[in-house]
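Undergrad: Quick note, in the working numbering, the sequence shown goes up one by one and the last residue is 1360. The beta-carbon is built from N, C-alpha and C at its ideal position, and this holds for glycine as well. The structure is given below, and queries will be raised subsequently.
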Amino acid sequence: ANWIPDLFMERVEANADWTLFSPNEVPDLHDLTGEAFKRRYEHYERQADEGALENFKRIPAVELWRKMLTMLFETGHPWITFKDPCNIRNPQQHVGVVHSSNLCTEITLNSSEDETAVCNLGSVNILAHLEPNPVIQESGDECFREDWPKDQLRTEMTREEALRHIDKEALGTTINTAMRMLDNVIDINFYPTKKARNANMRHRAVGLGIMGFADALHRLNIPMDCEAAVTFADVSQEVVSFFAINSSFILSRERGSYSSFHGSTWSRGLLPVDTLNHLRAQRTDASLIPDTGCALDPMMWEEMRKLVASGMRNSNVMAIAPTATISNIVGVSQGIDPIYQNLYVKSNLSGEFTVTDSQLVQALERLDLWDAVMVNDLKYFDGSLANIDRVPAYLKRLYATAFEIDPKWLVKMAAVRQKWVDQSQSLNLYMAEPSGRKIDELYRVAWKSGLKTTYYLRALGATSAEKSTVERRTLNKVASSVSAPKACLLDDPTCEACQ
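See the structure below:
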């Protein structure tokens, strides 16, 4: 992954130059972040100008940025991760620096010559902790429940409405159990190296995440490309954050605080959401960084600040992993990702299996649309409803696949989640018709929104066969005409190759 300091992004924004140094001449930059990094980096630039440094090269920052994005577009990685948000919001700043993330970019833990960062991961199925028809009013012995029409999308939602849709009691119980199990893993695990064991025993970091987020939106009739989805992402992660932090505090009362607790942001009564203001203070433009508003009673968070100042069992408590395997076992959508396809074939040692979205099947059955022809249509259109005429428009939007959703909505949802998470999240981004300008804008927005890391950039192939339905209730056929070859237009101002 590219480990990018804020100073570099500021130079990109300003169309300024960036100086490349030989690491052996600037060894301390590796361990500096934020303003300290900026001051030292600019000091080395002055030394280079004065001839005190021999090995350096100055290039436009935008040129290097484009090289990063070109590689990302062509191969899906190296991933774009941001050094300063990871460190400015790190609960463990007092014991070192976050030098990198892990393979899936959700882990942001300190590492050093003496310690190898270790994180113990688990994920909560958010779909299993919903209240699809919550109580909205009680009068004596009667209670009135919300009954949202199944054929009507919900595109706007207040924080209070989103909170009503979460079974807080059940979620709290699940998270208490999960955090206890993750803490147990630290003690009974096998460690291949002493450095790994020392780090895990000293800091006791765990990473509780979520899965089934897309399925939860489907259950609530919320499409991913709307403000209601952003609000639900915000509130659901707030509740997970509250119970995860509370569980670690309770464990500290039973088992003691982790060894390096004193000096941490926890010990100063600071929660992950509080450190968002630290990041905002470092940015010249913080307009896209989310607000710190909450859905839970603010007094609950005030009480939590007092509790964590007295002890925490774990240095870090949250990280949202991609859950590629365990979500399949549970039967829900992966992590925080949109659905990739509504129907696909899964292969393993037992054979090949056709996998469908059970909620979509139920919705189509209610409309008497689930039949063999629908199955064949879904297979033909790669699991997408977009080109199947008999499917209602509201279902097409609700069950839009990853490449049919503007990726900026994924960034907006990730940004509001990130304010509650002390580590990071595996954020895949999808782009159906990528261009240099679109990719550039997307990742600049990700940085400005305060994201710590991103994961793969998924892009559709540049060429594909045209598909069409030639007759109602028959199998789709490939059109006989061949698409014109796609070529670079020399006068296209959005083409990165021509600039």
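Use the C-beta contact count for V1282: other C-beta atoms within 10 angstroms, 16 or more gives buried, fewer gives exposed.
TA: Counting Cβ neighbours within 10 Å, V1282 comes out buried, since at least 16 surround it.
Undergrad: Figure out for me which residue from A913, R1065 and R1174 has the closest Cα to the Cα of N1107.
TA: Comparing Cα positions, the closest option is R1174.
Undergrad: Taking W940 as part of the alpha helix (DSSP H), name the residues at either end of that continuous run.
TA: Note, W940: premise wrong, no alpha helix (DSSP H); not H, not E.
Undergrad: Quick one: is R1144 buried, meaning 16 or more other Cβ sit within 10 Å of its Cβ, or exposed?
TA: Result: buried.
Undergrad: Between L914 and F882, is the Cβ-Cβ spacing less than 8 Å?
TA: It is a contact, given that the beta carbons lie within the stated cut-off.
Undergrad: Is the number of C-beta pairs between the stretch 1150-1163 and the stretch 1128-1139 that are closer than 8 Å three or more?
TA: Result yes; three or more Cβ-Cβ pairs closer than 8 Å.
Undergrad: Does the Cβ of R1141 lie closer than 7 Å to at least one heavy atom of the ligand GDP?
TA: Ligands displayed in this structure: none; no statement on the ligand GDP is therefore possible.
Undergrad: Identify which residue in V1222, S1128, Q1202 and S1102 has its Cα closest to the Cα of V1178.
TA: Of V1222, S1128, Q1202 and S1102, the residue nearest in Cα terms is S1102.
Undergrad: So, for S1287: in the same chain, excluding its five sequence neighbours on each side, which residues have a beta-carbon less than 7 Å away from its beta-carbon?
TA: Contacts found: C965, T966, E967, I1181, A1182, P1183, G1196 and Y1316.
Undergrad: Check Q1220 in the structure and name its three-state DSSP category.
TA: Helix.
Undergrad: By the 10 Å Cβ neighbour count, where 16 or more other Cβ atoms means buried, how is Q1013 classified, buried or exposed?
TA: So Q1013 counts as exposed.
Undergrad: Helix, strand or coil for L1259, going by three-state DSSP, please let me know.
TA: It is helical.
Undergrad: Taking contact to mean 3 or more Cβ pairs, one atom from each stretch, closer than 8 Å, check whether the stretch 983-993 and the stretch 1028-1041 are in contact.
TA: Touching, yes.
Undergrad: Between the C-alpha atoms of K1109 and F1264, what's the straight-line distance to the nearest angstrom?
TA: The question names Lys, yet the displayed sequence has Ser at residue 1109. One C-alpha to the other measures close to 38 Å.
Undergrad: Of all the options I1187, G1297, H955 and P1010, which has the alpha carbon lying nearest to the alpha carbon of V1070?
TA: Here residue 1070 is Gly; the residue named in the question, Val, does not match the sequence. Residue I1187 is the option with its Cα nearest to G1070.
Undergrad: In the structure shown, what three-state DSSP assignment does R919 receive?
TA: Note: R919 maps to strand in three-state DSSP.
Undergrad: With distances taken Cα to Cα, identify the nearest neighbour of I949 among E1294, T969 and L930.
TA: Answer by Cα proximity: T969.
Undergrad: Return helix, strand or coil for I1049, following the three-state DSSP convention.
TA: DSSP places I1049 in helix when its eight states are reduced to three.
Undergrad: Flag this pair as yes or no: are the beta carbons of F1104 and L991 separated by less than 8 Å?
TA: Not a contact, by the Cβ cut-off of 8 Å.
Undergrad: Check the DSSP bridge columns for A1320 and list the partner residues they point to.
TA: Bridge partners of A1320: M1292.
Undergrad: Count the other CB atoms, across all protein chains shown, that sit within 10 Å of the CB of A875; report buried if there are 16 or more and exposed otherwise.
TA: Result: exposed.
Undergrad: Here's a check: name, in chain order, each residue in its chain whose Cβ is nearer than 7 Å to the Cβ of L1246, leaving out the five neighbours to either side.
TA: Excluding positions up to five away in sequence, the list reads N1203, V1252, L1256, K1257 and Y1260.
Undergrad: Alpha carbon to alpha carbon, what distance is there between Y1304 and E1362?
TA: As shown, the chain starts at 862 and ends at 1360. That puts residue 1362 outside it, with no answer to give.
Undergrad: Suppose you measure from the CA of E974 to the CA of R1058; what does that come to, to the nearest Å?
TA: Each residue's Cα considered, the two are about 14 Å apart.
Undergrad: Which residues in the same chain have their Cβ closer than 7 Å to the Cβ of S1113, if we skip the five residues on either side of it in sequence?
TA: The residues are G1172, M1173 and R1174.
Undergrad: Does the pairing of the stretch 1006-1026 with the stretch 1077-1095 give three or more beta-carbon distances under 8 Å?
TA: These segments touch.
Undergrad: Confirm, please, whether the CB-CB distance from K1313 to F869 is below 8 Å.
TA: No, Cβ-Cβ distance for F869 and K1313 is not below 8 Å.
Undergrad: Could you give the distance in angstroms between the alpha-carbon of V959 and the alpha-carbon of S972?
TA: So the alpha carbons of these two residues sit roughly 6 Å apart.
Undergrad: Taking the alpha-carbon of M1165 as reference, which of M1235, R1129 and R872 has the nearest alpha-carbon?
TA: Nearest of M1235, R1129 and R872 to M1165, Cα basis: R1129.
Undergrad: Which residue from P888, A909 and T1217 puts its Cα closest to that of W879?
TA: Nearest C-alpha to W879: A909.
Undergrad: Go through the stretch 1187-1213 residue by residue and report every complete run of the beta strand (DSSP E) that reaches 3 residues or more, in order.
TA: Counting only runs of 3 or more, we get 1204-1209.
Undergrad: How many Å lie between T1092 and V1100 at the Cα?
TA: Cα-Cα distance, rounded: 12 Å.
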